[in-house]
Every structure is written in structure tokens, then in C-alpha cells.
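A.B. asks: So that we are looking at the same thing, I have put the structure below in C-alpha cells.
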Ligand SMILES: [Zn+2]
Ligand SMILES: [Zn+2]
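Numbering (this note's numbering), first residue to last: 373 to 504.
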């Protein structure tokens, strides 16, 4: 296979991953693979893994808190933000509360400083409605 062809294929998969992630918001490599296979049945887990690694290194996609099974999860939103994660279904949502809650949290742990972003866990709306 010509190097040129390999490069074009990689670009094609990177584009497909970016596009899929922007629709899903957050996704693991295996979730991305599942979606991308509907358009590119030949794509392998390794290809997806390489593409997400490259896109994350470039800063084209962000890194979200890991999925419940510990697998790496990617984020279409590259701006710094906080997350809510559902303990039941594992769904993840973007939020942006650090500026508001940081003073309260830091006051409660006097002398310590909070760094980075928050991941708050709970039960999402869909799961609450299912169980009510
Ligand atoms: Zn849920
Ligand atoms: Zn996010």
C-alpha cells in the first residue's frame, strides 16, 4: 500500500471520529468503533485507538473522565469544564460550576487549594424517571 493511501485513510477515520464524537458529546474508543463501523465496516479497534490518541495529542478532541469500566473517554468539548456522571448508566454531562463552588469547597478544607475540574456523580434524569 502506498504511504499516500495510508495517510488519506487515517484522515478519513480521524474525520469520522471527530464527527461521531461531536454528535455523541463524550465517547470511549469502543463506543466510537461501534458507530464508525456503520459507515466503515473495515475499521479496526487499533485504528480507532490510534486516531483518538492522535486527535487528543493535537488538542482536536479533549479527554473526559474515564467510563465506569475504567476505559478512556473522549470529549468533543475541548474547553475546560466540569462533569456530571450517572452512577447507574454511566452517562456523562457537561457542566461548569468550579468558579462558583471553589470558594465554598476551599473554605471547608482550610489551607488546601482545589486544582483542575470537578466530576460530580449521581443519578441522571433518565434513570430517575425510569425508577420512579
Ligand atoms: Zn443514568
Ligand atoms: Zn465534557
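Idealized CB from N, CA, C, for every residue including glycine. All values derive from a computational prediction rather than experimental measurement.
Between residue 464 and residue 436, is the Cβ-Cβ spacing less than 8 Å?
C.D. replies: Cβ distance < 8 Å, so residue 464 and residue 436 count as in contact.
A.B. asks: Figure out for me which residue from 383, 502, 498 and 391 has the closest Cα to the Cα of residue 325.
C.D. replies: Examination of residue 325 is not possible in this model, given that the chain is present from 373 through 504 alone.
A.B. asks: Does the pairing of the segment 465-482 with the segment 414-427 give three or more beta-carbon distances under 8 Å?
C.D. replies: No contact exists between the segment 465-482 and the segment 414-427.
A.B. asks: If we count the other Cβ atoms within 10 Å of its Cβ and call it buried at 16 or more, is residue 455 buried or exposed?
C.D. replies: It counts as buried.
A.B. asks: I'd like to confirm something about residue 435: is its beta-carbon nearer than 7 Å to some heavy atom of ligand 1, or not?
C.D. replies: Incorrect: residue 435 has no Cβ contact closer than 7 Å to ligand 1.
A.B. asks: Within 10 angstroms of the Cβ of residue 459, are there 16 or more other Cβ atoms? Answer buried if so, exposed if not.
C.D. replies: Residue 459 comes out exposed.
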